Structures are given as structure tokens and as C-alpha cells.
Amino acid sequence: MLHLILFLFFGAICVAGAVNLLVQSHPINSALSLIVVMASLAAEYLLLGAEFVAAVQVIVYAGAIMVLFLITIMLLNAGKEERTQGSRVATLIGVPGLTIGAVLVAWTLVGRLSTTRSVSIGALWGAPKDIARLLFRDFLLPFEVTSVLILIAIMGAVVLASRPEAIARRQYSGPRPQETRELVATGKDH
Amino acid sequence: MEGLGPIILSLVTFIPAAGGLLILLIPRRDRDIKVFALVISVLAFVASLHLPVHLHRDPNTFKFEIDRVWITTPNIHYHMGIDGFSVWLVVLTTFLTPLCVLISWTSIHERVKEFFILLLILETALIGVFTSLDLFLFYFFWEATLIPMALLIGMYGHGRKVYAAVKFFLFTMIGSMFMLAAIVWLYAKTGSFDFVVIQNAIRSGSVPGFETASLWLFLGFFVAFAVKVPIFPLHTWLPDAHVEAPTAGSVLLAGVLLKMGTYGLLRFNVGLFPEQAHRNAPWIMVLALIGIIYGALVSLVQPNMKKLIAYSSVSHLGFVVLGIFSFTAAGLNGAVFVMLAHGVATGGLFMLAGILYERRHTYEITEFGGLATPMPKYATFFLVTVLASVGLPLMNGFVGEFLVLSGAFQARPIYGILAATGVIWSACYLLWLYQRVFFGKVKHEVNNTLPDLNLREKTALAPIAIAALVMGVAPLVWLSAIDPAVQAALAPFTQLASTMVGR
Amino acid sequence: MTLALATTTMTAFSQSFLLPNLLAQAQSSIPQSADYMRILPELVLSLFGMLVMIVDPLLDEENSHQSLGTIALIGTLAALASTFWMAQYPGTAFWNMVRVDGFSAFFHFLVIAIAAVVILSSFEYLRVQRIRAGEYYGLILFGTVGMCLMSSAIELVLIFIALEISSISTYVLAGFRRRDAASSESSLKYFLLGSFATAFFLYGVALMFGATGSTNIDAISQVLRSGNVPALAYVATALMFVGLGFKVAAVPFHVWTPDVYEGAPAPIVGLMSTGPKAAAFAVLLRVLVEANAPGRFWLLWVSAALTMTLGNLCALVQDNVKRLLAYSSIAHAGYVLVAFAARPELGTSAVMFYTAAYAAMNVGAFAVVSHFANAGEKYVAIEDYAGLGRRSPVLAATLTFFLMSFIGIPITGGFFAKFYILSAALKSDLVGLTLILVLNSAVAAYYYLRIIVMMYMREPRGEVPVTPVPAAAALAIAVCVAATLYLGVLPGRVLDYAAHSTHDLASDTATPSASSASLAAER
Amino acid sequence: MVPLSYYLVLSGILFVCGVLGFLIKRNIITIFMSIELMLNGVNLSFVAFAAQWHALSGQVFVFFVMVVAAAEAAVGLAIIIAVYRTRETLNVDQVNLLKL
Amino acid sequence: MTPNPYLWLVPILPLAGAAINGFFGRRSSKNAITAIALGFCGLAFFLAVVIAVRFSPASAPYYFNLAHWIRSGSFQVDFSFYLDQLSLVMLLVVTGVGFLIHIYSVGYMWDDDGYYRFMAYLNLFMFFMLTLVLAKNYLVMFIGWEGVGLASYLLIGFWFIKDSAAAAGKKAFIVNRIGDFGFLIALFLMIKHFGTLDFTHVFAAVQTLPTETAGAGLLTAIGLLLMVGAAGKSAQIPLYVWLPDAMEGPTPVSALIHAATMVTAGVYMVARSSAIFDRAPMAMMVVAIVGTLTALFAATIGIAQTDIKKVLAYSTVSQLGYMFMACGVGAFSAGIFHLMTHAFFKGLLFLAAGSVIHGIGGEQDMRKMGGLRVYMPVTFLTMSIATFTIAGFPPLAAFFSKDEILWKAYSSPNGSWVYWLIGVITAFITSFYMFRLWFLTFFGDYRGAIAHDSHDPSRAGAPATHGHGHSHGDPHESPWVMLGPLVILAILSVVGGWIGIGGRFEHFLAPVFQSGAAAELAHETAGEAAGKGTETLLMLISVTAAVLGLLLAWTLYLRRPQLPARIAASLGTLYEAVSHKYYIDELYAVLFVKPLIDGSTTILWHGVDQGVIDAAVNDSADAARHVSDNVRHMQSGNLRSYAGWVAAGGAVVIAYMVWMGVR
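Residue numbers (this note's numbering), protein chains in the order written: chain V, 7 to 196; chain E, 96 to 598; chain L, 1231 to 1753; chain U, 2 to 101; chain H, 6 to 668.
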């Protein structure tokens, strides 16, 4: 009973945060509401008895990733977003389609689910030890491979975030490309 | 005894292409290239003469057969061989190519090297179409003719050459795609590309699901060939292609490429699907009929010499289709013979038109008139070719048309009668053309100064005239080779044909 | 910055090699040497990737291109060699994470070969476009690792991670032309939509996990072949199809392709239109065919039809060669999907052959394009190709050859590729699809022809420069021509191999007849 | 006692919210956030299913997903910065040089 | 049937001459050319005579197979030649008259630049004509049939500088082609039903068939179709239109081809096919009617013509009508008889007219002639003989032949008095316009202006007509090389008919027309008593008709020359119509030619070809491009739209899969 209440409570916060993310016009607020969502999700994980995941959720997501987001927002001091009408397709086709899909999925999830067994706190024997066993034995390869992933991410970040002029000044010679987008691109060089 | 046996066929087929590749190595001195190309093409011609000379007469097998495994999966063989249908077409190709080389001697100024390379490669592809007995090989050569021809039109043509080239390419491409589907179906069901194997499989009824599919297969092949022939509603690429193409291109286009279509109808549509062919004969013959009369009438009013000849080809090939689908000995013999005759005569006409274009840079008939006075030799050659094309007895045009018509008449009298009106039409448009171009006083001053044929042109034209005459006087030389193949092809039709005549 | 890089490299290094030894005490939890053999190419690739990263700071920008490129090239070649070695050790490794069989070996070889050729064709390009070589080659190598893993992984999670590796590396590579706004935009679009689609895929994985209780392909296929299929599995398949359909650019998930291809550097387009795509097809085969995903027949049928038709239609009026080729690649994806709709034992080998043939010709075509594009990729409009046939005949001839292969003229790989798909489709009586395919390839001839016409039948436009083809690019193009020709003249060996490995796939799964039966049931 | 389907529905809602955000938000960063939202939704269902099947692997997946998400975040934000450099805007509707 | 190895030489010789002159004539001297042409033609004639001398009815017919020509399946055609009484007659006529005209041409064409061409063409014509005559099967006959058409095309258009000549040549060829079309169909019918084209086999097969009473039948069809061919070649209604125009050709050509030989080929062919016609009475009747009508029709036109050659042309048409009338009533021998005599006197007429034209410098309008008998006596003499002959005065050749025809038309079972009546009327008209011509040309006084003024500039391109240095100035007699043939022909047209007396000619030909002749003979013996009396009566009537014609012409054109104009005025439109040949050419132009050209241009070419087919092709291409242009706007470049597509697509996929799942 209590369990259900807790679930509903955190679920409500979670959804509220998600919706808030959508309605807020300033990225900062969206980011914050996203943090709310993540935090409440962590609680839900606890309810499902996944302590480890809950912990990682808070540390990695709320801690690391969102910080990155905030830093970027600050760096680019992104203002309130203007409500431009760039795409009719998104609203006319995407949203209705999305709703249909969502309804159908939900219907399958609720109605046709093979089992609707319910779960209670601590139902899982999710001790970190077992998880470690999984991670470093059964899932050793994915674990190792993630390192490659991270490496790529770092390289990518380094390449893309560094300023192109650095190269340009050193090697550039000959006439500027004339195309408009080139002008847009190089307009910032000096 | 088949002399050189199996090698000769590959030799004939690939001599030109080899020559073309050699030209790649020759430095860009146009004269050497031309001479070399001429030598190669003549060589190919001489080699090809070996075929009819040593051709077995027995109907049921292919001659000079060579059958080697090329690719194991899919089961593709390098299978070549000829019979009465194809042998003369091969010779026709090798016969026309040297003349093409001669005729483009001076008319091609730039990118000479590429031109002759393309020409020779085209020749190989054409021969290959007639010699290959493996459906894949056939399809390969079939497509291979496409590119050099399109390039010849597009690079060396004039006027709306690009439009013409693209139109030519796409028409044929779309058609051949359906053929590819049909071929793949056959392969999927029989596990072989080999013409003979497939034919036997079909005859023995050991192809699963053939009954239901046969109509579609027939149509698949038919569309591809109908575009090439061209049969009536699919013919509009032809005039454009001809008008814009360089002379040599037109000659090979009219002389040989169109025959690929009729040959295909004969070899595959009739050879593989006799029942379907027989069932669909009526409407196909109607189309052929329309082609004959329609083509003639339209060509009657063409202001452009080449367009006129092009439409006349539509009319003439209508005869071929009519003959093929009459399923009578006379019809088929005639059809094949018309192919050859038309190849020679119309090829000649295009060469003549080209010669005139070289001098005046126009094909408009109104630009000429009274040419018989300044260039009598030219006029004479033109007359001979026209008469051959009109189908005057003792000229090659007559024998074929006569046989086709009598065959069609035996099969379906009314068709024969309607088709026979073509005899009148051809006289109308060709003689009218001749009158407008050569008779009367010289209308435009420039035409007074036109030089008559020079030696090169005469040597290019003489073979045409001679061939036209010889084929008309001694057609047996050709027919005696064709007839066995016809008998073989008609074997499955004997009862069908008889019922048809009965109707 | 380089220091940071070096350290991360070391950590990654240590992670991937020392840790197993640390764990060596716990018995039965030690990866055997065979396990390493089965990921040998991946190991080699990442090794050389790191090598590139290490060497990069030591060289100065000016002439680092050649040396780094050479290292990367050697790496790919070594990996290529090691593929054969790997193929000697069929079986699963790392506790059912990867399986080495003919199938995965085939795609390993293909993907690595693509990477090698792309690297080769990039030598000059990087100098002309003033792109930093170190990260470029590194990313290609690491991305290749991801692609390789995609083809051999049989665990959805690993597949997911591998997918991410290849995707992220290509996201970054797409944005490498830093001075060009188009490049970064394409990178952004690719990235956002890519992760959007990945989320769908992931959701599908989750639901599949929920439906079957496992994420191992074999286990899943066991469940899915056993009588009653949970409804959830259908939804899961749908969602995974969305994700993978995006990767292979199937309509309507293709929308990103043209923009990204137009903006990205030409050689990278050559890579990402073939490498990740081939890998994605491999995954699609694993997920749909090997796992015998339910209810896929009409899904594939329709999306195949849509994909090829739409791709060709849009390509008709394109004036930018890269964009045109992008649409054409969509169309070709459609052709491949036709093979997916065919009976598995027939379709699979057709898919494999097609991806190989398409890789050969497409990489080649883009190599030509990227050479011709010149600094800042100025000359990518079709009009710029006018008279190319006269100004550099060889280049034009090779491009024509590739275009012929696209069209499907015999003795090019493209012909047999199309041929096999057709025969597979006809053997499984997909007459409708066959006709659509035939019509499409006829239409397609038109826009490929446009380029040929431009090159041969139009007069040259003066201002477009034609620089002589540098050795490396020439070599790359030559390799592509050779491959296309080889596949077109002697497709036998490759086909046998594909068919054979199809048997692997089919035998890993239950009898193919079962799955085809399930397909038949769906019609 | 909470029926499992509740968790799944919640995850579904989150996922849908993410997609919706992608569709309607204009700011690139926010769009990226909504992708993260979608991933979170997926994570929840992973954990829920893990609970259903009593399979820990479900939780391990979440771990991997987070790692991937982190990597994506790094690259994604870098890309966004690059785009901002060339275009000086974060509005998606204005990032459409490449079209048709 | 006895083989005769010389037969094939007869046609081949002229061909050799043609070939030699054709190839080398341009560079060789005129004498050489003359020698070659006359030599080979003469040889042919000589050979023909030899063959005739060694001809014995007992061993006839002769044949010779030169070589196989066409074979397909069971059907086969050979180059084979055949000689029986019928073809012997034709052979002699053709070679004889032909040779004479060759000689005449030497004089007539000597000054023409195209002399060698002309001679070559003439020889070529001889070759084809002889092939036609000596053919053993219909296809070889067809060679000659088409070949003479070609020759006449070339010779009519000999002065191709003149547009009218070129057009006339084309017209002749095409109209002939229309006839040949019918001929071909007839051949196809034979092939289909008899499987052969060889005369002997075909006729043998025909013999087995019953006589067709109710018209519609195989033989009737064949007969009618053959008649179409004959009508084309022999200028019968409705295909006669080409012959008058053909007069554009040099006069010897008109004499040889369009009077003596080629135009009679149709008659020969019908006679040759007598076996078929005998069993197709319907077809016979058609032949007779066509012949009769043509005879009358052409004659009426002949009245009002002013061009001397045109008059002769129409008279030729009308005389051919007589021959067909004869064939039509089953009197083939009579037809052939008239054919022979006609060859003599009509050839003579033309040659004489040619000599006149030649003598007064190319003038052909009779109104510009007159009183020429003093200038050119020989021509006058011969011309007079010819005129009286054609008018049918006894005992000249035409008297016998024409009378024979009229009698058969009246008496034979298929005949009737109607044919006879029209025949007599025609005879009257004939003699009228012929004497009109005679009086206008030779009597009165010379109305021609000074010769060189009389030159019609349009003739500038035709050197032969004014090539003579001395042709300017007064009219003059022609050289003997031209007069010689005139004289010979004149003699022939006097004595030529006598061989017909007492039905000798008919009995000579009897073996050829077995069935038909047999029928007639039977009939004659039956109506013997009545026969003789009526025959003489009818003979008298026709002679009177001729005399009346003479008198009328005399009154109108000699005694009261102003009368014709007044009559013409009073007749008004009728006269107009007659003088314009009843506007037939114009009618054809409106009915066939113009609709054909316009229809092909507007409907077929611009309409179907460009308007429908090409338009369809191009439109579909444009449509594709258009669709593509719209479809690609799906690619708006906006990220959210793309996401929208993905989401929507995903929704569809999910929906489908859910449905699959719950199904």
C-alpha cells in the first residue's frame, strides 16, 4: 500500500518534471526540471529494489551529465527560445502519430502483457557483488568496449570543440570560398 | 566439317573489340587509327565469311558451338553457337562495319580515337548478341550495345543529340529490364541460363509454374524486343536517334541494332514460348500491320531525309514481325531475309544521306532538288538503293517482302492483303523523295558546285549496290542456310500453324 | 590537451588488456585465448587507433597526413589479415557475447576493407580540405571496431554499444569540415536524429527483454520460435525496426540521409554510406532473421517498395552529385530490403553480396567525387562535371564504370547484386516487389545517365579545374574498380561464401524452413 | 504491491514526453535533453523488466545505457558548440542550410 | 514440252547491251553505243526469228529452266522460260517492233547528251519485256512486269530536268504499283491454294476446278485481281491516268513502251491466264465491261485533245479497251490479233508523230501544225496509212482485227450486242478523231509560227526536241534512219492483218486457248448458218462507221474549220469537261492524294506520333520530374520535421505490429 503511494508520488513528480521540461521556455529551467525527473527516477529504482542503479543514476546522470548540460548552456548563454514556426510536419504529422503510437504501446503494455506480476521493495537480490560479477564476467566485453566508446567521445569532443581558426591561420592560403554558407562559416573568424 | 570448329565464333566476335583495345595504345594520329580500324573490321568480315561457308545444313543443332563454364554460381556458361537465323546477321554486321569506317573517314574530325574504339566495341557487342546462346551472355551483349551506341549518338551526333541519346538509352533500358526479370525467373526455376537447356526444360514441361508464368515471361521478352524493333507504339525513339546520330551510327542502328529486336523475337519469344507466341500472334500481327502502314504514311510526309528513312525502317520491320508471327515457312524465311535486305538497303540509304550531309550539312529535303545534274554517280547509287528498298524484283527487297507477304497471306489472308499495300506506300515515299532530291532544276546555287562521289565513297557504296543485286538474283545462297532453321523453329507449330491456316 | 588524450588512451589501453589478467584468479571467469582470437580484428584496430593517437602529437601538422594515414592503412591491412585468422576460430566468445562464423567474418572483412580504401582515398583529401589527420584516422579506426562488433555481436546490449561506437564516430567525422557550416549542420542533424532513433532501438531492446527475459539473440530466437509469441515481442520488433531502419535509411526513416551526405566530407560519405550501413544490415539480419522476429514480412515488403521508389523519385531532380548519390543509396537500401522480404535462406546471401558490391562501387564513386570536389568541396554540382570525359578521360571512365554498376549493367558487381536479389525475390514468388524493383532500376538509369551525359556530351566549363589524380586516391579508385569488376565477372567465390555462411546463420537458428514457414504464415 | 505495468506505463510516459519534446522544442540543447528523457524512460522499463524476470542483467543494461548517454552527451554538446560557432543560433528551425 | 536452251538468251542479250552501255557508255563514243545497243537488240530479234522458224506446233510448247530462284519450305520458284504460240507472237512483235524503234531512236536521240543512258534504258526495257513474255511462271512474269514499269519510269523521266516529266514518271510507277498490288494478291491466292506459280501446274490445277457460276469464288477472285494488275499496266479504267502523262517521255519511248509493247502486257497476261478466266465468267464479264467502257471513254476524250501525242495516247487507251473487250468475251486470240496489229500501226503513228514533232522543232500542238504533207512527204504517206488502218478501212490490218473483235463481242456466248454497239460507236469516234488529227496536221496551211519562236522555254531541258542545228527554220523531213522504220511499219500495218484471214491466226493460237477456243468453235459450228450473214452485215456497219467518221472530220476541220469552235461553244460545259479529260486527275487528287498527304501530316505525324505517343513519353517524364520535385519537399531541411516523419513512420509500424500481435 505504502509502496503504491510512494510509487504514485515519485511517479507524479517524475511526470511533472517531464512536462515542465516541455513547457519551460528557458533551457536552464528545462535542465533543472530534467534533474528533478532523474532524481525521482532514482527513487523509483529504489522502489524496484535496484539500489546500485539508483546510486549510479544520481551520480552519473544528475551529477555528471546534467552538469555538462548546464555548463554548455552557460557557455553559449542560450536565452529563451523563440517560438518559430519552422516545421508544420512535426506538429501535423509527428505529434498525432506519436500519440497514436503511444496509445497503442500503452494498450499493449497494460492489456496484453503476458504477466502483470507485481513487485515489492527488496524483491531483487541486487547486491553490488552480483552486479560486479555480471559486469566483469558475463558482460566483460561490453564493459571493455565502452572504453573505446568513451575514447571516441573524448576525441570527438576535442576535435569539434576546438576552434577551427587554429588550423586555418596556420595553413590557409588562396582565395576564400565564395559560397554563402562559407561566408556564414568564416564570418566568425575575425 | 566445321573448319576451325568452335574457336572461329569467339574469334569473329572478339576481333573487333580486341582491335578497339589496341587502338587505345595507338598514338593520337587520326590517319593511323582510321586505317587500323578499317583493317580490323575487314579482318573480322573475312573471318566471319568462314561461318556461312562451313555451315552445316542440318536443322536441329547449333553450329560452331562452344560451351565452357564461366561462372559456377550462378550457373553461367560461355555458350556460343549459330544457326541459320543468326549466321547471316553476323555476316551482315561484319559487312556493314568496314563501310561505316569508310563512311566516317572524313566526317569525324575530333575524338577520332574514341569514335573508332566505340564503333569496334559496338560491333563486338552486336555480333555477340547474335552468337550467344547463354541468356546471361545474351543479356550482357544486349546491354553492351547500349552504351557505345548512346555515346556515339550523344558525342558525335548533331542537333538535339543528348535528348536523342537519352531517349534511346531509356527506351531500351526500360524494355530490357523486363526481359531481365523474365530471364531471372527462368534461371530461378530451371537453374540454368543455357538457351538449349531451358528450351528443352520447357518443351518437356519440367518447369514448375510455367503455365501461369509463361504469358508474363513472353511479354517480358516481347517488350524488350518490341522497343528495339521498334513495334508501333514504341517506335518514337527511332526517328530522333537516327536524325541526330552520326552516319555510321545510323547505319549500324538501322542495319543491325533493330535486327536485334526481331532476332530476339524469333529466337526467344518464338523459340521458348511457342504456345504463347501462337496465342498472342493476332494482336502482335495487328501491331506489325499498323507499323507497316503507319510508318509508311508518316515517312511519306517527312521533310527530313533521315527521318523519312527512319520511319521507312519502322514500316519495313513491320514486315519482319508480320512474317515471324505468321508461323509459316515462307513467313519466317521472308522475315529473316527482309532483316538482311533491310540491313543492306537502309544502311546504304543512310550512308548516302550521310554523304550528302557531309557536303551540305543538312538533311532537309527542300534544301536539295536537281542533284542528278551535278552528281550523277551519286544519283545512280541512290536510285539503286531506293529500288532495292522499294522491293523491285531481282533486288534484295523483293524476295523477302514477297515471302513475308505470301506467308502472312497464308496465315491470315486479310493481314496479307493489308500488308501488301505497303508495296504501294514504299514506292510512294521513296520515289517522291528521289524526285524531290534529284529531279527538276537545281534550286539552290550551292548544290551546283557539290562534288560527285570520290573513290572512297564509291568503294563504300559499291558493296551495298552489289549485295542488293546479288541478294535479289540469287537469294537461294541465303535462303538455303535460313530454311533449315525455319523448319526447326516451326516444328512445334506444325499443328498450330495448320489450324491457323484452316481458320 | 594532448596530454589528457594520452592519459585517456593509456587508461583505455589498460582497461582493455590488464583487467582480464587481474581477474585471472577467479577460475572459469578467465577469457580463454580463443576468446581474444575471436575479437582479434577489433583488438588490432583499436591498437592502431591508439597508435595513431599517440603519434599524432609528435608530428607537426604540415606533413602528418601521410605518416598517420600510412599507420592507419597498415592497421586496417593488419586487421584485414587478422580477419582470416579470426575466421579459423568459429564459435562464441566472452560468454555468448560475440559469435564468429562465416557471416560475421564476411562483414568483418567487408567493413575493414571499406575502411582501408576510405583511408587510402583520404590522403590527398585531408591536405586539400585542411583537415586534421590524427583524430580523423583514429575515429575511422575506432568506428570500424564498432562496425565489426555489430556484425559479430549476438547480444543486444553489445550490439547497442557497438552501434553507438560506429554512430558516434561517424557523427563526429561528418562534422570534420570545420569551416563549412553545412558540415557541422549535417553533423548535428545526424547526431540528434541518430540518438533519437537509437532511443527507439533501445526501447525495443527493453521490450524484447521484457517479452523474452533475455537479450541474447539465440535465447530470443528460442522463445520466438516456440509457438506462442508474446504480443510485446511484436511491439519490440517494431521499435527495433525503427531504430535499425534509420541506420539503413529505410523510408520513412531516411530523412537524414541526403542532408548528412551533402554536408559531410566526401570520403566519409563513402564510408558511412557503406560501412555502418553494411553493419546495420548485418544487425538487421541478426535481429530480424536469426532471431526470427515476428510479423516482419509485410513490414519489409512495404518499406522496401517505399524506399526504392522514393529514393529514385527524389534523385531524379537532384543537381548536387553528393545529394544525388545519397538518394541513390536510399534506393539501393530499398533493393536490399527486397531481399530481406524474400525467404531467409535465399535472401541472406543476396543481402551480403549486395552490400559488398554496393560498397565497392559506392566507395569508388565517392573517391572520384571527393577528388574532383576540390578545396572546400566547391565542385559537387552536376554541371561541374561537364566535359569531364574530355578533360580527364580516365577519371570519367572510372566514374562511368561505377555508374554503370549502379544501373546494373552486366560484368559490373551491380548487375549480379541486383540479379541475386531478383532471383531470391522470384524464387520466393515476390512478383509484385520484383516488378517494382525492375521499374525502379529502369527509372534510376535516368539520373545516373545524366552524369554520364554531362561528362561526355556537354562542352567543358572552363573555370572548373582538374588536378591530376594523386597516387593514393588513384590506388583507392583502382581497388574499387577491381573489386566491382571482380564481383561482376567472377561473383562465384563471394557468392559461394555468402551462401555457405547463410547456412551458418540458418543453422545457428532453427531450420530455415521454420522461419520461412512463419513468413508464409504471415502472407 | 504495485503492478509491473504501472512502471511500464510510467516509462512509456517519459519516453513519449521525450519524443514530444524533440518534436516541439526549438532549442537544440533542450531537444537533446528530451533525448536524455527518452533514455531515462527506457532505463525505467529495463529495471522494471529486470524485476519481473528476476534477471540482474536488466540493471546492468541500465549501467551501459548511462555510459552511452554520457558519451553521447560529451559529443553532442561539442557538436552543438560547433554548430553555434558557425551559425550563432541554437534554434533548430534556423539550422536548415541543407534541404531538398 | 521440249526444252529449248536458247530461250533464256533472248532476254539476256539486251540486258548485256544495257549493262555495257550503262557502265561504259558515259566514256565511249556514240557510234560504239549505237553499235552495242542495236547489236544486242538485233541479235535478240535475230534469235527470235530463228526460234520462230524452228518452231513446230507439234513440239510446242518449249521451255527452259535456267536456275532456281526462291525456295522456302515446299514452295519454289525458278528462273524458267516458256514458249508457246502465244509467247511466240509476242516475242516476234516485241523484238521486231523494238528493234525498229531502236533504229529510229538513233536518229531521234542522237543529239541528246543522255544518248547512252537512253540506249541503255531501251535495252533494259527490252530485257524486262522479253522476260515478261517468255516467263514460265507468274513470278518471273512479275519480274518483267515490274521491270518494264521501272524502265518506263526511267524513260518517261528521261528529261528529269522537266518537273512535269519527273512527276509523270513517278505517277506511272506508282499507279502501276497499285495494279501490281492486285497482281501480288492474285499470286498469293495461287500460292495458298495451288502451292505453285508455274503456269502449267496452275492451269492443270485450275482444270480440275469446276466453272464458277455464282461469281464469288477462288477463280473469280484471282481473275479480278489479275485484271486489277492488267488495268494498271494497260491503262484501263480506273488506272489509265498515268498513260497520257507518260507522253512526257521522248517519242520513241511512247511508241515502244506506251503503244506497242508494255501497255499490251496486261492483255497478254489476261490471255495467258485464259484457263483461269474461262472458269470465272464473272471475272470475264468485268474484263469485258471495263474494256468496253475504257474504249468509249478514252475515245471521247481523244476528240478534244490538241496535243498530237495526247490524242494518240488516248487512242491507245481506247484500243487497249478493245483488246480487253475481246478477252472479256473469251476471244483471246482476237485480242492478241488486235494487239499485234495495234503494235504495228500505233507504233507507226507515234513514230510518224515523232518525226513530225522532230521536223517542226519540238512543237506538239496540232493547232500550230497543218499543211505538213508538202514538207514531209514520207512521213505523211506512212501516217496516212496508219490513220486509215486504225480507222479500220479494209483491207488494212486493223480492219481484220477490230472486226474480229466486234464480231466475237456480238456472237460469242459471253458476248452481247451491247459490247458490239459501243464498239462500233467507238470505232466511229476513233476514225473521227484520228482523221481530225490527220487533217489538222497535214492539210490546210502551216499555222506554226517561226520554229524557234515556237520553242516552249520549258523544253529547254529537253535537247533532243530542238537539238538539231538545222531544226530551226522551216519544217523538214526526218533523216532516213528514222524514216526507214516508218516505212517498214507502214508495210506491216498494211499486210499485217492478212494472216488473220479465215481464222488462221486463231487456229494457230488455238492450242494455247484450248478450252476457250474449243467453246467458240463449237458455238460457231452451231450458229454457222446465221453466223456468216450477220458477220458480213456487222462488218459493213463498222466500215460505214469509219467512213462517217472520216466525213465528219473532213467537214469540220477541212471544209468549215470555224465550225468546231462554235460547236465547242454551244456544248459549253460538256466540251470543257471532255477537253479536261473529265477532270479525272483533279478528282483523284482531291479524293486520294490530298487526303493522304494531309491526313498523314496532321493526323498521323503531328497527331499520333508527336501529339500522342511522344507527348505521352515526354509528359510522363515531366510528370515524374514534377512528382519528384514535390516529394523532395518532404526534405524540408528542418530537423523537427524529420523527427516528425520518423515518429509518424514509427507510429505506423507500431500500429501494424500491434495489429499483427493481437490478431
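Cβ atoms here follow ideal geometry from the backbone N, Cα and C, with glycine treated the same way.
Source: prediction; values computed, not measured.
Under three-state DSSP, which class holds residue i?
i, result
"residue 175 of chain E", "strand"
"residue 1330 of chain L", "strand"
"residue 166 of chain E", "strand"
"residue 539 of chain E", "coil"
"residue 149 of chain E", "coil"
"residue 203 of chain E", "coil"
"residue 312 of chain H", "strand"
"residue 1321 of chain L", "strand"
"residue 7 of chain H", "strand"
Near residue i, which residues of its chain fall below 7 Å by C-beta distance, leaving aside the five closest residues on each side in sequence?
i, result
"residue 190 of chain H", "230"
"residue 517 of chain H", "89, 90, 91"
"residue 1488 of chain L", "1553, 1556, 1557"
"residue 1480 of chain L", "1533, 1537, 1563, 1567"
Rounded to the nearest angstrom, how far is the Cβ of residue i from that of residue j, given a contact under 8 Å?
i, j, result
"residue 393 of chain H", "residue 497 of chain H", "With 8 Å as the limit, residue 393 of chain H and residue 497 of chain H do not qualify as a contact, their Cβ atoms being about 14 Å apart."
"residue 200 of chain H", "residue 79 of chain H", "7 Å"
"residue 38 of chain H", "residue 120 of chain H", "6 Å"
"residue 503 of chain E", "residue 511 of chain E", "4 Å"
Using a C-beta cutoff of 8 Å, does residue i count as contacting chain B?
i, result
"residue 461 of chain E", "No chain B is present in this structure, whose protein chains are V, E, L, U and H."
Take residue i and list the residues in its own chain whose beta-carbon comes closer than 8 Å to its own, dropping the five residues that flank it on each side.
i, result
"residue 268 of chain E", "241"
"residue 10 of chain H", "69"
Short of 6 Å in beta carbon distance, which residues of its chain neighbour residue i, apart from the five on each side in sequence? Order them along the chain.
i, result
"residue 124 of chain H", "26, 38, 42"
**Prompt:** In the segment 61-78 of chain U, which residues sit with their C-beta less than 7 Å from some C-beta in chain L, listed in chain order?
**Reply:** The residues in question are 62, 65, 66, 69, 72, 73, 76, 77.
**Request:** Specify whether the segment 38-48 of chain U and the segment 50-59 of chain V touch according to this definition: at least 3 beta carbon pairs, one from each stretch, less than 8 Å apart.
**Result:** Yes, the segment 38-48 of chain U touches the segment 50-59 of chain V.
**Asked** Any residues in the segment 9-33 of chain V with a beta carbon nearer than 7 Å to a beta carbon of chain U? Which ones, in chain order?
**Response** Residues of the segment 9-33 of chain V whose Cβ lies closer than 7 Å to any Cβ of chain U, in chain order: 9, 10, 13, 17, 20, 21, 24, 25, 27, 28, 33.
**Prompt:** Do the segment 1385-1395 of chain L and the segment 1445-1458 of chain L meet, that is, are 3 or more Cβ pairs less than 8 Å apart?
**Reply:** Contact holds between the segment 1385-1395 of chain L and the segment 1445-1458 of chain L, because three or more Cβ pairs, one in each stretch, are under 8 Å apart.
**Request:** Taking 8 Å as the threshold, find out whether the segment 237-244 of chain E comes into contact with the segment 347-356 of chain E through three or more Cβ pairs.
**Result:** Here the segment 237-244 of chain E lies against the segment 347-356 of chain E, with 3 or more beta-carbon pairs under 8 Å apart.
**Inter-stretch contact (C-beta, 8 Å, three-pair minimum) for the segment 556-573 of chain H and the segment 442-453 of chain H** = Three or more Cβ pairs closer than 8 Å define a contact, and the segment 556-573 of chain H meets that threshold against the segment 442-453 of chain H.
**Request:** Would you check if there are 3 or more beta carbon pairs closer than 8 Å linking the segment 400-412 of chain E to the segment 161-174 of chain E?
**Result:** The way I'd put it, the segment 400-412 of chain E doesn't touch the segment 161-174 of chain E; fewer than three beta-carbon pairs between them come closer than 8 Å.
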